[in-house]
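Here is the structure we will look at.
4 protein chains.
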Amino acid sequence: MNKLFFRNDYGEGAHPLVLDALTRTNMAHTCGYGLDDYSLRAADLIREKCGCPHAAVHMMTGGTSANLIALSAFLRPYEAAIAAQTGHICVHETGAIEGSGHKVLIAGDRDGKVLPDGVEAVVRAHTDEHMVHPRVVYISQPTEIGTVYSLSELRALRAVCDAHGLLLYIDGARLGSALTCSEATATLRDIAALADAFYIGGTKNGLLFGEAMVITNPALHKDFRFMIKNRGGMLAKGRLCGVMFLAALEHDDYFAWARHANETADILRAGMARAGIGQLIATTTNQVFPILTRAQAQALGERVEFEHWADVDEAHVAIRLVTSWATTHADAQALAALMEAL
Amino acid sequence: MNKLFFRNDYGEGAHPLVLDALTRTNMAHTCGYGLDDYSLRAADLIREKCGCPHAAVHMMTGGTSANLIALSAFLRPYEAAIAAQTGHICVHETGAIEGSGHKVLIAGDRDGKVLPDGVEAVVRAHTDEHMVHPRVVYISQPTEIGTVYSLSELRALRAVCDAHGLLLYIDGARLGSALTCSEATATLRDIAALADAFYIGGTKNGLLFGEAMVITNPALHKDFRFMIKNRGGMLAKGRLCGVMFLAALEHDDYFAWARHANETADILRAGMARAGIGQLIATTTNQVFPILTRAQAQALGERVEFEHWADVDEAHVAIRLVTSWATTHADAQALAALMEAL
Amino acid sequence: MNKLFFRNDYGEGAHPLVLDALTRTNMAHTCGYGLDDYSLRAADLIREKCGCPHAAVHMMTGGTSANLIALSAFLRPYEAAIAAQTGHICVHETGAIEGSGHKVLIAGDRDGKVLPDGVEAVVRAHTDEHMVHPRVVYISQPTEIGTVYSLSELRALRAVCDAHGLLLYIDGARLGSALTCSEATATLRDIAALADAFYIGGTKNGLLFGEAMVITNPALHKDFRFMIKNRGGMLAKGRLCGVMFLAALEHDDYFAWARHANETADILRAGMARAGIGQLIATTTNQVFPILTRAQAQALGERVEFEHWADVDEAHVAIRLVTSWATTHADAQALAALMEAL
Amino acid sequence: MNKLFFRNDYGEGAHPLVLDALTRTNMAHTCGYGLDDYSLRAADLIREKCGCPHAAVHMMTGGTSANLIALSAFLRPYEAAIAAQTGHICVHETGAIEGSGHKVLIAGDRDGKVLPDGVEAVVRAHTDEHMVHPRVVYISQPTEIGTVYSLSELRALRAVCDAHGLLLYIDGARLGSALTCSEATATLRDIAALADAFYIGGTKNGLLFGEAMVITNPALHKDFRFMIKNRGGMLAKGRLCGVMFLAALEHDDYFAWARHANETADILRAGMARAGIGQLIATTTNQVFPILTRAQAQALGERVEFEHWADVDEAHVAIRLVTSWATTHADAQALAALMEAL
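Chains as they are written, first to last, in my numbering: chain A, 1 to 342; chain B, 1001 to 1342; chain C, 2001 to 2342; chain D, 3001 to 3342.
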């Protein structure tokens, strides 16, 4: 019997609508490197949905590549990014940001969310040319641990950035989930209005791969395509991202898929509540972190694929359950039932 | 009326067999980052076809990314690559190799092919710690301008590498074309036996994207996955490359597609011969470089998409015509006829 | 009236013996780049004093340059250094280590000294290719805040390095002070026996500039001069460091100067004890960190040059007083008296 | 018997006036890192002599360090420098420019001097984001092979830079020699007026070490001290360069020393003319390149220290003779006589 799959949100290929679009356009001839009509139309559509007619939009192959290209385009050699301890660039990119020459400074956070006070403390501590110069605040929406910045939290970060001449960069690997969860207060237009640059994640929401980088600050536009190529991030068949983002966004399916992921996660959360299973961190997005006894975790592991997340204490662990556009209601209900029966 | 498309070999999506394989496997659940069964099976298949049971095989997202990751894995900071003036890493990667810290030294070439004497001259000129230390010979098979190293030429380069402690790295962006052209003498097994590392290009021969890096020298295996991630080259849905290379290689279609590309180019070459149109460089692979008068080039450009390649003299230019798995015989014959009618 | 100078240990030129040696040898003709007889003899002398006949010794221009060259020689691109939060490479090198591509990971420390448990926690947290690979433990002896590792503490770090395949690198910017302070238990030979590489600081102990890098681990010797040149750290008149280190070490004056610095600091510590002035951190080396009220600090600042170090609480600050070979007993006693009179 | 020393211009310590200044100021207390009064006064003096009241002046430790810091401050990651084949950054810096991420493009030259046409050819060849973007023209005055740009040649390079949005950077490792040679037409003020940045070399003209970077283009001033520190080029005792440049420049001795070097080279040139010994390249600066038979070179080598420069043909070699402030008229005359007697 196959296990239920809650390991991650990149465990399948693409949403069928996306695959259909690839198939439909497969034999069309286009020029390469993202200058084709599909890519240009996708960029237009994204500008429109962001309410940013002058934003630059570039298609990136993946999250780490997007982050390292953007930050190395935005920073001079002695400048640094500020991030939460749990930030993807701090931990899970094998030093890609440092590999492009830049230090990542840790700011105080709450529930994975960078705090304005944390940013200010970093700025205050870096006073002269013997230290790096903090220049970009990196956050992800939602965070690595599934929490979501409210609109007012984002505005507070924007204010602290403005006060100190910092750029605000938002990693949107799971942006769809943040925009459609029950606690969402910041819209896509808010994100575009508040960030200097951000990306709309495709890999984890229905595309084969691909992230759409949106650079709203015109001072950061210059020669970005040179940076993409210099860092090995430019696909010959750049049209693929264009075709896929068009398919995902032209009828707003992208948001529907993300909402579906959140709702299947809600089914899990409801089951856990009924079963009295606590969470390591409360989330409304597509990642859920139940705390189980080691015996419960082992028992569940025989029926379900998931990741071990953290050791809580001698007796307890936290696991990570992830839903996606590909998670069925049936599977979510089956898992909820399994948890209730632990 | 649509123009005939001879602009490049990455102007469409994937070969239908590849797209079918992606569709068929689309909803299978796998782990990420290239550790899934498809990727492992593709690696096994490639090892088998290369006759290298101990080679390391890694799936890369594109050519520039593959080259920069391999060279920065193989070189220490003061070490350099040697390449032909026309080499892709010299000209068309926006300084990606230098961006990872390494100088590219130019060796003398003939018809785009690095000469052993050229390598030796570079080695002799670099004598002490005030100069970079040459460490890798970079060639591509076929070269940027469509020429092909014979087996004896490759053996001569291997010998000069052995004599001077150099590694031999082969960029195989269009490797299929070289292996199946009329003048081919080096087989895939020869390539694997002679190179320390090389890649089998997928982007330009039927895949959506993806290149299979084959590292035959065990001294270069260590921690290559760390390097891929550090440089932003690791896809979450790594399985995609696995699925696509399996589809292309399990019944040797990959070679059939490349042969088809060469044969459609032969149709062009035959037409040119009949028309008395000369070539900038004689090729047997999927790139053809006719020399036309400026008026002829302009006339042809109204019916055919191609790239301007070089100014030959006041009156003449060379254009580049590229064929692929997607080029029909009908289109090749139509273009041949157009050239004969110029 | 001139203020008493306790701002740093690089506020004057060189010890007169060093300047004499430079003057005496000034018109001798030598070859360049550190291959002259003075440099070779200095290297021999250092090997002898370290009890390491096979160590490689290289003259470096300064501390940051020495650290960045050594770490970028020792690490592959995805490998990282481990250091204390207060480590010089973490804070005061403007991201030079990251600038050469490497992450610096923070390990738990006590009094600025990296703890074996801290190293192990970092190693345990870095498990796969999505994270950097910890490879070097960076410590300084004494630490940035003037504390000293005991021989048994160094041995414990060596043991944890051996257990996890880590290199131990010791920044000896003020090594003389650590070797000659009242709590010293590790000798120069111990340092050489325990570290894979370390440097003997000249800038802060009597030389105009210059640090002697000692690489005891033969696996790290290869092509280090290429690395020095590649990073801009090779002086044309390399002999200068050779001449200066010879002058400092041939009759062990180097240690006498460091002892003198510690003893003048002892005078300050004694005065503080009599005055009941506490220390931010207890030291026996040439840096002293008295805690003063803000009014006391301001009053003292009118007579003495020193650095503000930290805000302790609303009412108190810690300042930093630094002594050197150039600090007179008279000045130390004068400052002690001023502190007693606060 | 000691050999005559004509190996290089960095074979001794410092000019006695410089050493005196170091000795005289040795015990003065100053702050560190080049913010002391000596350094500030030296910077003022340099601004005055350059006729550039708003230039930024920074003290650098050596030529390679100066070049790599300046170019990595001025260039974005995908931007490249243009230089002559014989340029120091192309050949003799162990890939330091590439090590900081930037390609060095070769422009056509005559006698080691970059030609405006050569620059334009490079610019024309780099047309899009698949190639690096040329941004800085690097020249040295005099060139690596001792030739000197005339004022009109420099103006022509400035014009081509202006036409293409390029910066002009001048490596002045031997600038004194170029400013005081018999064919000099460009003054220090001309250099300052035409370059965006350049450095006045100290190492090869009387200082222990040190080069004064003069950045005349205010758009390049920002945060240069961060760059110096980030690349390991900031000396703790930064005052040393200040003291030495003050001593060299306050009564224009710097120029007298350089003129002396040129004049002793003139003695060699006169001897060669009398003896009918040809030159590989005609120079008026402190490097002379006689062409000798192999037997002559060997005979001379028994009495004189010099560098073998190039093999001219089967029978002939070119050697390099270098003079400096430290070369005596007597030694120059002795060497001239030796050459006449060959």
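Built from N, CA and C at the ideal position, the CB exists for glycine as well.
- Under the three-state reduction of DSSP, C:Lys-2003 is assigned to coil, being neither helix nor strand.
- The residue among C:Ile-2228, C:Thr-2127, C:Asp-2253 with its C-alpha nearest the C-alpha of B:Met-1131 is C:Ile-2228.
- Under the three-state reduction of DSSP, A:Phe-198 is assigned to strand.
- Pairing B:Pro-1016 with B:Ala-1056, the inter-Cα distance amounts to about 28 angstroms.
- Assignment of A:Ser-39 by DSSP, reduced to helix, strand and coil, places it in the helix class.
- Per DSSP, reduced to three states, the secondary structure at D:Trp-3309 is strand.
- Separation of C:Leu-2075 and A:Ile-291 (C-alpha to C-alpha, rounded to the nearest whole angstrom) is 39 angstroms.
- If the five residues before and after D:Asn-3217 are omitted, its C-beta is found closer than 6 angstroms to the C-beta atoms of Asp-3196, all from its own chain and listed in chain order.
- Sorting D:Tyr-3033, D:Arg-3024, D:His-3088 by C-alpha distance to the C-alpha of D:Met-3234 places D:Tyr-3033 at the top.
- Look at A:Gln-141 here: in three-state DSSP terms it is coil, with no helix or strand label.
- Bounds of the alpha helix (DSSP H) holding D:Tyr-3254 are 3253-3275.
- Spanning the alpha carbons of A:Val-122 and A:Glu-302 requires a straight line of approximately 45 angstroms.
- In this chain, the beta strand (DSSP E) harbouring D:Val-3317 covers 3316-3322.
- The region 163-170 of chain A makes contact with the region 193-212 of chain A; the number of CB pairs closer than 8 angstroms reaches 3 or more.
- Contact of D:Lys-3229 with chain A by beta-carbon distance below 7 angstroms involves Glu-129, His-130.
- Comparing alpha carbon positions, the residue from D:Phe-3289, D:Val-3317, D:Ala-3273 closest to D:Ala-3297 is D:Val-3317.
- Residue burial annotation: A:Ser-150 is exposed, with fewer than 16 other C-beta atoms found within 10 angstroms of its C-beta.
- Beta-bridge analysis with DSSP links C:Tyr-2169 to C:Tyr-2138, C:Ala-2197.
- Considering only beta carbons, the part of the region 3004-3019 of chain D lying closer than 8 angstroms to chain C consists of Phe-3005, Arg-3007, Asn-3008, Tyr-3010, Gly-3011, Glu-3012, Gly-3013, Ala-3014, Pro-3016, Leu-3019, in chain order.
- Between D:Arg-3225 and the set D:Ala-3334, D:His-3029, D:Cys-3031, D:Met-3059, the nearest pair of CA atoms involves D:Met-3059.
- Per DSSP, A:Leu-115 lies in no alpha helix (DSSP H) segment and is marked neither H nor E.
- Against chain B, the CB of C:Arg-2076 has a partner CB under 8 angstroms away; the residue lies at that interface.
- Listed along the chain, the chain B residues whose CB falls inside 9 angstroms of the CB of D:Ala-3073 amount to none; the nearest CB is some 17 angstroms away.
- B:Ala-1043 and B:Val-1214 have their C-alpha atoms spaced approximately 9 angstroms apart.
- Straight through space, the alpha carbons of C:Gly-2146 and C:Val-2322 are spaced by roughly 10 angstroms.
- In this structure, the CA atom of D:Asp-3111 is about 10 angstroms from the CA atom of D:Leu-3280.
- Looking at B:Thr-1143, B:Asp-1162, B:Asp-1190, B:Asp-1117, the one whose alpha-carbon comes closest to that of B:Ser-1152 is B:Asp-1190.
- About 6 angstroms separates the beta carbons of B:Ala-1080 and D:Gly-3095, which is inside the 8 angstroms limit, making them a contact pair.
- When C-beta atoms of the region 3064-3073 of chain D are compared with those of the region 3264-3280 of chain D, fewer than three pairs fall below 8 angstroms, so the two segments do not count as touching.
- Residue pairing by DSSP places D:Arg-3231 in no beta bridge whatsoever.
- Rounded to whole angstroms, C:Glu-2211 and C:Gly-2176 show a C-alpha spacing of 12 angstroms.
- Here the C-alpha atom of D:Glu-3307 lies approximately 20 angstroms from the C-alpha atom of D:Ala-3341.
- The C-beta of A:Ser-65 comes closer than 8 angstroms to at least one C-beta of chain B.
- By alpha-carbon distance to A:Val-288, the top candidate from A:Ser-324, A:Arg-294, A:Asp-313 is A:Ser-324.
- The Cβ-Cβ distance between C:Asp-2331 and C:Lys-2204 does not fall below 8 angstroms.
- When the beta-carbon positions are compared, A:Met-27 and B:Glu-1012 come within less than 8 angstroms of each other.
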